[in-house]
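**Q**
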Ligand SMILES: Cc1cc2nc3c(=O)[nH]c(=O)nc-3n(C[C@H](O)[C@H](O)[C@H](O)COP(=O)(O)OP(=O)(O)OC[C@H]3O[C@@H](n4cnc5c(N)ncnc54)[C@H](O)[C@@H]3O)c2cc1C
Ligand SMILES: Cc1cc2nc3c(=O)[nH]c(=O)nc-3n(C[C@H](O)[C@H](O)[C@H](O)COP(=O)(O)OP(=O)(O)OC[C@H]3O[C@@H](n4cnc5c(N)ncnc54)[C@H](O)[C@@H]3O)c2cc1C
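Protein chains in written order, with our numbering: chain A, 7 to 434; chain B, 593 to 861.
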């Protein structure tokens, strides 16, 4: 093994939102920073659903709204309960917005580019094979048979965490800790998108589906409007999917795409891309025991810093902000005698005082909810049957309670219903 | 001592992700990520192996838009010593003649060289013209489909084994010369992080414009390209049919098949 004679203040592994933002902030503060990405371009290996919350990114990047690759501002939100023939939808529309749609590859690329503009060195097609450690202090990275040294290493490798696993800092991921997402991007003319979904130019729709699209497996489906394409996909809790899914998961996405209530939007569309990726779910159990070590900080998905709020994910803004805080923590450590574990514990403190830990604590009950199959099959069916009884009229019409009693019968008791309602409204 | 080697690399759209515009019939290049022409990586590998055996220096050259710097960084990552990019608006729209003209001018300007190595052909045009044309501009001997090269330092010559359909030929050629390497001869080596870092930190890539080269702009780019693409025809798509006849008895199956082929007009009754 040969040691390269270049030495860096910081090496950041992975140019997703977490790593690129950490590198940006480090370079901006004047640190000699090396950002390493195994894909051909930053973000070429990552994937997400489609919507990013703005505010945390605005705090980090100057003029973010003007310069970042934003596709559409989300002004319309839909949550639909869906079965084979019916769907009942809650729609919220506003002239205001706090989030946007984009391609994650473009956003990661943009962020990495900001890092480069600040002086960071970005190397793509470089896969880090190991964290380099001497006497339990992290000192750099190993790529094939070469070592590159740095004062601090920032691990932003995403959810697969092969490096952390190899370094014995986390255990192998288990199926009950993650969800599996599968997505298609479908090309569609941007004016047509506006017409179909009732949007103005640059306005976007975020649409979440709960119901039998997932074959009764806990999870959901999503549809986002990009500038001139639609992202649609399915998310399944992996353990339940392994246990219960009797067909290939791409079939589920296809069934979603050709569902009569969805397909009508996509007639002119052409599939451009198909991808799949894991999502951290059970944060409490998959979070590394510690996020700071002598010479090492862990950020983004690798650190389990992602919020599932039930009807929306906050991964990108959490990842980017954790990268930002890690850079700040290194700055603190650097100015106080070096990146020892003690000094880098500043990172934990910054996280604790930020929205990241605040939100992860507040929503810590969601994981449990995600395992309640009832919420993903019984209730959506119940809601649709209720709506169907109230809306489909031939001679006699229903009163609400009458219809409700009928659809509830044999499905669920009052007691369970009230308990579930209470639990959902407390945890989400 | 050792060999001064120049290797030509082309920056091509990654054809595994290219679509053809059904209306105009042209490649949709927009938004398609580019890569180093894969057969040129084989050429680079040959150059590096020669350098490993005999010492010297490997210079990669390319005529391409500025984004090709990433391609030069890639081959420097493999171990190439430096890169030269010929890039200028007046080079755009070149056919093979105009391309080889500019490349020959680049090589002339480099001046000090023993061996020029090219790939077999490109994946986006596949003419395999460039090697021969560069050789003729420079009045150098040219040999193609090379599989093996051995260098004789005393004589300043190389022995080249070239592959034919079912035979090898061996030639001895005086240097300098141009050789293009048969595709798939070698697996290109992996990138080293130390080399990639050098590419980023040591200014190993120069960009030359028409002003840096002793060039007649009427011979470069679109203006220097006599080739005219008059039309593009598509091979008509033959609609495929399939039928399955489940029959254990081979006689019956054969009879059925022959009957079908006759019905389709593919066999005379
Ligand atoms: C289906 C799905 C839907 C989602 N929907 C949303 C959404 O709508 N909104 C939202 O905010 N979030 C969403 N997320 C979550 C979000 O995508 C992630 O939280 C976010 O991308 C995490 O960023 P990161 O930088 O930590 O990791 P990643 O984005 O995964 O980036 C990690 C990077 O590290 C690189 N890498 C890994 N190992 C190495 C190595 N050894 N050497 C070099 N490089 C390496 C990878 O190639 C990759 O580029 C979704 C996720 C999925 C899967
Ligand atoms: C009729 C016609 C019209 C064309 N019109 C255009 C046009 O309008 N715009 C346009 O962009 N292209 C155009 N091209 C393509 C362009 O001329 C060729 O791609 C280019 O001249 C190289 O030829 P080739 O790709 O067939 O290379 P080949 O001759 O197959 O390549 C052999 C080897 O030469 C070397 N080499 C080839 N090109 C380069 C290069 N640029 N730099 C360094 N080394 C290289 C490589 O080692 C390669 O393996 C046209 C081609 C034809 C045939």
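Glycine included, C-beta positions come from ideal geometry on N, C-alpha and C.
1) At a cut-off of 8 Å, would you count residue 162/A as near ligand 1, judging by its Cβ distance to the nearest heavy atom?
2) Pairs of beta-carbons, one from the segment 122 to 137 of chain A and one from the segment 169 to 176 of chain A, closer than 8 Å: are there three or more?
3) So what does DSSP say about residue 605/B, is it helix, strand or coil?
4) Are the beta-carbon atoms of residue 28/A and residue 329/A separated by less than 9 Å?
5) What does residue 149/A touch in chain B if you count any residue whose Cβ is under 7 Å from its own?
6) Would residue 625/B count as contacting chain A if we go by Cβ distances under 9 Å?
7) Quick one: what's got a C-beta closer than 6 Å to residue 38/A's C-beta in the same chain, skipping five residues either side?
8) For residue 347/A, which residues in the same chain have their Cβ closer than 7 Å to its Cβ, ignoring the five residues on either side in sequence?
9) Counting only Cβ-Cβ distances shorter than 8 Å, please list the residues of the segment 152 to 176 of chain A near chain B, keeping chain order.
10) In three-state terms, what does DSSP make of residue 174/A?
11) Find the nearest neighbour of residue 742/B within the set 676/B, 752/B, 695/B, 735/B, judged by alpha-carbon distance.
12) List the residues of chain A that residue 789/B touches, going by C-beta distances under 9 Å, in chain order.
13) Would the beta-carbon of residue 783/B be found less than 8 Å away from any heavy atom of ligand 1?
14) With which residues is residue 136/A paired in a DSSP beta bridge?
15) Residue 239/A and residue 188/A - do their beta-carbons sit closer together than 9 Å?
16) Residue 132/A versus chain B: which residues are under 8 Å apart at the beta carbon?
17) Hey, quick one: how far does the alpha helix (DSSP H) through residue 682/B stretch, first residue to last?
18) Residue 43/A: beta carbon under 8 Å from a heavy atom of ligand 1?
19) Anyone know if the C-beta pair for residue 198/A and residue 99/A falls short of 9 Å?
20) How is residue 666/B classed by DSSP in three states: helix, strand or coil?
21) Count Cβ pairs between the segment 264 to 279 of chain A and the segment 299 to 317 of chain A that sit closer than 8 Å; are there 3 or more?
22) Mind checking whether the beta-carbon of residue 453/A lies closer than 8 Å to any heavy atom of ligand 1?
23) Going straight from the alpha carbon of residue 778/B to that of residue 784/B, what length do you get?
24) Between the Cα of residue 636/B and those of 656/B, 674/B, 829/B, spot the shortest distance and give me the residue it belongs to.
25) Starting from the C-beta of residue 395/A, find all residues in its chain whose C-beta is less than 6 Å away, skip the five residues before and the five after it, and write them out in chain order.
26) Closest Cβ-Cβ distance between residue 47/A and chain D: below 9 Å?
27) When the Cα of residue 111/A is compared with those of 94/A, 354/A, 281/A, which residue comes out closest?
28) DSSP three-state label for residue 340/A, please.
29) Would you mind sorting residue 149/A into buried or exposed? The rule is 16 or more other CB atoms within 10 Å of its CB.
30) Measuring alpha carbon to alpha carbon, tell me which residue in 665/B, 656/B, 664/B is nearest residue 690/B.
31) With residue 15/A as the anchor, note down where its beta strand (DSSP E) starts and where it stops.
32) Throw me the rounded Cβ distance for the residue 711/B and residue 631/B pair, which I believe falls under 8 Å.
33) May I ask whether a heavy atom of ligand 1 can be found less than 8 Å away from the beta carbon of residue 165/A?
34) Residues of chain A with CB closer than 9 Å to the CB of residue 829/B, please, in chain order.
35) Comparing the C-beta of residue 793/B with each C-beta of chain A, is any distance below 9 Å?
**A** Here's the rundown:
1) Position 156 of the first chain, counted from the start, is the residue given in the question as residue 162/A. Yes, since a heavy atom of ligand 1 falls inside the 8 Å radius drawn around the Cβ of residue 162/A.
2) yes
3) Here residue 605/B refers to the residue found at position 13 when the second chain is read from its first residue. The answer is strand: DSSP assigns residue 605/B an E or B state.
4) In the first chain, residue 28/A corresponds to position 22, counting from 1. In the first chain, residue 329/A corresponds to position 323, counting from 1. Yes; because the gap between Cβ atoms is below 9 Å, this pair is in contact.
5) For this step, residue 149/A is matched to residue 143 along the first chain. Under the 7 Å cutoff, chain B gives 785.
6) Position 33 of the second chain, counted from the start, is the residue given in the question as residue 625/B. At least one chain A Cβ lies under 9 Å of residue 625/B.
7) Position 32 of the first chain holds residue 38/A. Once the five neighbours on either side are set aside, the close Cβ partners of residue 38/A are 14, 15.
8) For the purposes of this step, residue 347/A is identified with residue 341 of the first chain, where counting begins at 1. 298, 299, 300, listed in sequence order.
9) 152, 154
10) Translated into the one-based positions of the first chain, residue 174/A becomes position 168. Note: residue 174/A maps to coil in three-state DSSP.
11) Residue 742/B sits at position 150 when you count from the first residue of the second chain. Looking at the Cα atoms, 752/B is the closest of the given residues.
12) Taking the first residue of the second chain as 1, we reach residue 789/B at position 197. Correct list: 10, 12, 40, 127, 129, 154.
13) Counting from one through the second chain, the residue named residue 783/B turns up at place 191. Flag unset: Cβ of residue 783/B not near ligand 1.
14) In the first chain, the residue the question calls residue 136/A occupies position 130. BP columns for residue 136/A point to 148/A.
15) Walking along the first chain from the start, residue 188/A turns up at place 182. Walking along the first chain from the start, residue 239/A turns up at place 233. Yes; because the gap between Cβ atoms is below 9 Å, this pair is in contact.
16) Stepping through the first chain from its first residue, residue 132/A is reached at position 126. Those are 783, 785, 788, listed as they occur along chain B.
17) As a first step, residue 682/B must be located in the second chain, where it is residue number 90. No alpha helix (DSSP H) contains residue 682/B, which DSSP labels as neither H nor E.
18) Here the question's residue 43/A lines up with position 37 in the first chain. Yes - ligand 1 has a heavy atom lying nearer than 8 Å to the Cβ of residue 43/A.
19) Within the first chain, numbered from 1, the residue matching residue 198/A stands at position 192. Within the first chain, numbered from 1, the residue matching residue 99/A stands at position 93. Contact flag unset, no.
20) Residue mapping note: residue 666/B aligns to position 74 of the second chain, counting from 1. Residue state, collapsed to three classes: helix.
21) no
22) Here chain A comprises residues numbered 7 to 434, so residue 453/A is not present and cannot be evaluated.
23) Locating residue 778/B in the second chain gives position 186, counting from the first residue. Locating residue 784/B in the second chain gives position 192, counting from the first residue. About 18 Å.
24) Walking along the second chain from the start, residue 636/B turns up at place 44. Residue 636/B has its Cα closest to that of 674/B, out of 656/B, 674/B, 829/B.
25) Within the first chain, residue 395/A is the residue found at index 389, counting from 1. 404, 409.
26) Considering every chain present, this structure includes no chain D. Its protein chains are A and B.
27) Position 105 of the first chain, counting from 1, holds the residue named residue 111/A. Considering only alpha carbons, the answer is 281/A.
28) Numbered from its first residue, the first chain carries residue 340/A at position 334. Looking at residue 340/A - three-state DSSP - the assignment turns out to be helix.
29) Here the question's residue 149/A lines up with position 143 in the first chain. Classification of residue 149/A: buried, given that the 10 Å Cβ count is 16 or more.
30) For the purposes of this step, residue 690/B is identified with residue 98 of the second chain, where counting begins at 1. Nearest Cα to residue 690/B within the set 665/B, 656/B, 664/B: 656/B.
31) Counting from one through the first chain, the residue named residue 15/A turns up at place 9. Residue 15/A -> beta strand (DSSP E) spans 8 to 19.
32) Within the second chain, the letter at position 119 stands for residue 711/B. Within the second chain, the letter at position 39 stands for residue 631/B. Contact flag correct, Cβ pair sits at about 4 Å.
33) Along the first chain, one-based indexing puts residue 165/A at 159. Checking the Cβ of residue 165/A against ligand 1 gives yes.
34) The residue you call residue 829/B lines up with position 237 of the second chain. Residues of chain A passing the Cβ test: none, with the nearest at roughly 18 Å.
35) Residue numbering aside, residue 793/B sits at position 201 when the second chain is read from its first letter. Chain A, which has a Cβ nearer than 9 Å to the Cβ of residue 793/B, makes this yes.
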